[in-house]
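Just so we're aligned, residue 717 is where the sequence shown starts under the working numbering, counting upward by one.
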Amino acid sequence: MLTALPGNPDANLARNLRMLGAFCLFLSAIEYMIPKPLPFMRIGLANLPLMLACNIFPLRSFLVLVCVKIMGQALITGTLFSYIFLFSMTGTFLSALLMYFLCNAPWKNRITFIGIGTAGAFISNLSQLSLAHVFIFRGNVFYIAPPFLAAGLVTGIVLGVFCEVFTRKSVWYRNNIKGSSV
């Protein structure tokens, strides 16, 4: 069972970073096996560790985890040197920064992981649609936008519900939240 180590916050931070990074890669591999209607459209399973990390890591460590997720996902899917990497990187960075901001904002007690997941999915999809407009589809992006945004809404809600349930039941999570006394 993973718990926080008493008296050594740096060791906990490094261990949690490795664990959540590995979880990102594992979920990226699972997600890669799920068929996609568009090459750059994903469910967002690998964002679960990012959502959990928002309340655990300081910004610098969180950004390291985001980079691990982006690079690992690109290596797993074989998209590192393709336009799909640009879509994934842009969507992940923007959604991760928004989710981190929402988790650490002064009103953080008024927003749930469902709202955070939905906002992250929306900004990720919006950024990818913007890139698709510029690089691929031009004005035709408006035809794929409604189903793309609807799918993001559904997956954002589902991932948010999962995070809500997990954070309520997880001893590991409670022991590792920023500011916890362990």
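No residue lacks a Cβ here, since even glycine has one placed at the ideal position from N, Cα and C.
Kindly indicate which three-state DSSP category Lys894 falls into: helix, strand or coil?
Position 178 of the sequence shown, counted from the start, is the residue given in the question as residue 894. The answer is coil: DSSP assigns Lys894 none of H, G, I, E or B.
Tell me whether Ala837 is buried or exposed, calling it buried when 16 or more other Cβ atoms sit within 10 Å of its Cβ.
As a first step, residue 837 is located in the sequence shown; it is residue number 121 there, counting from the start. Under this definition Ala837 is a buried residue.
Should the stretch 760 to 778 be regarded as contacting the stretch 869 to 888, the criterion being three or more beta carbon pairs within less than 8 Å?
yes
Grab the span of the alpha helix (DSSP H) containing Asn856 for me, first residue to last.
On the sequence shown, residue 856 is found 140 positions in, with the first residue counted as 1. That residue, Asn856, is in no alpha helix (DSSP H); it is neither H nor E in DSSP.
How is Cys770 classed by DSSP in three states: helix, strand or coil?
Position 54 of the sequence shown, counted from the start, is the residue given in the question as residue 770. Of the three classes helix, strand and coil, the one that applies to Cys770 here is coil, per DSSP.
Report the residue from Phe778, Leu764 and Leu741 whose alpha carbon sits nearest the alpha carbon of Leu729.
Your numbering for residue 729 matches position 13 in the sequence shown. Selected option, being the one with the closest Cα: Phe778.
Euclidean distance between Cα positions of Val898 and Asn892
As a working note, residue 898 is residue 182 in the sequence shown. As a working note, residue 892 is residue 176 in the sequence shown. Note that Val898 has pLDDT 41, beneath the 50 cutoff, so the model's placement of it is unreliable and no number is given.
For Lys694, which three-state DSSP category applies?
Outside the displayed span of the chain (717 to 898) sits residue 694, for which this structure offers no information.
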